[in-house]
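>
Residue numbers (my numbering): 1 to 207.
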């Protein structure tokens, strides 16, 4: 599903090139299309999540997992100088019997981020979630085999901040469609997010 996985097959398992065909994952651009999301859907989701108007929404999609980097994201938010009018929304399911979200919530509260951080669980309308966002972040600490979040965000016309590992290296063009930062580096992640938020809206739209 990516050149990253193809290399893994060659290097770790000795699979010959002739036996490998790379077919990248994709997204349904009829569903994930900015114009396909009606104003009513956008308003409905914004009300359900209680997002005030004029809020800069940083969307962090993905299941709640150590590998998905929600902990790094919280540390990055704590390092950000800009906090006014910013909401970080984690969207995605939790593992059964996991205490990770509870631990992350306690860490966010200890850092004074309670009002900025929101956990909404999974949503049936990811297209509207992306449309509602100002910026999408995928702070994975382990390589993504493909990294669908990046292309979903791009399909919805949103710039992406992702980690410089795995499949994201093939789908994010630094400085053109988003930012790539070292995995686990909260300071670099914070800097990229602040740079993205500081851009004029038309520049983010161009990306």
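Built from N, CA and C at the ideal position, the CB exists for glycine as well.
#1: Quick check: residue 177 and residue 140, are their CB atoms within less than 9 Å of each other?
#2: Identify the continuous alpha helix (DSSP H) that holds residue 108 and give its terminal residues.
#3: So residue 166 and residue 4 are supposed to be a Cβ contact under 8 Å. How far apart are they, rounded?
#4: How many angstroms separate the CA atom of residue 153 from the CA atom of residue 130?
#5: Where does residue 203 land, buried or exposed, given buried means 16+ other C-beta within 10 angstroms?
#6: By the three-class DSSP mapping on this structure, what secondary structure does residue 4 have?
#7: So, are the CB atoms of residue 56 and residue 25 less than 9 Å apart?
#8: With H, G and I counted as helix, E and B as strand and the rest as coil, what does DSSP make of residue 121?
To lay it out plainly:
#1: Locating residue 177 in the chain shown gives position 177, where the first residue counts as 1. Locating residue 140 in the chain shown gives position 140, where the first residue counts as 1. No. Outside cutoff.
#2: Residue mapping note: residue 108 aligns to position 108 of the chain shown, counting from 1. 100-110 is the extent of the alpha helix (DSSP H) around residue 108.
#3: Position 166 of the chain shown holds residue 166. Position 4 of the chain shown holds residue 4. Going by Cβ atoms, the distance from residue 166 to residue 4 rounds to 5 Å, so yes, they are a contact pair.
#4: Your numbering for residue 153 matches position 153 in the chain shown. Your numbering for residue 130 matches position 130 in the chain shown. Going by the C-alpha atoms only, they are around 6 Å apart.
#5: Looking up residue 203 in the chain shown gives position 203. Exposed is the call here.
#6: What you label residue 4 is simply residue 4 of the chain shown in a count that begins at 1. Here residue 4 sits in helix by DSSP.
#7: On the chain shown, residue 56 is found 56 positions in, with the first residue counted as 1. On the chain shown, residue 25 is found 25 positions in, with the first residue counted as 1. No, these two residues do not count as a Cβ contact at 9 Å.
#8: Here residue 121 refers to the residue found at position 121 when the chain shown is read from its first residue. Here residue 121 sits in strand by DSSP.
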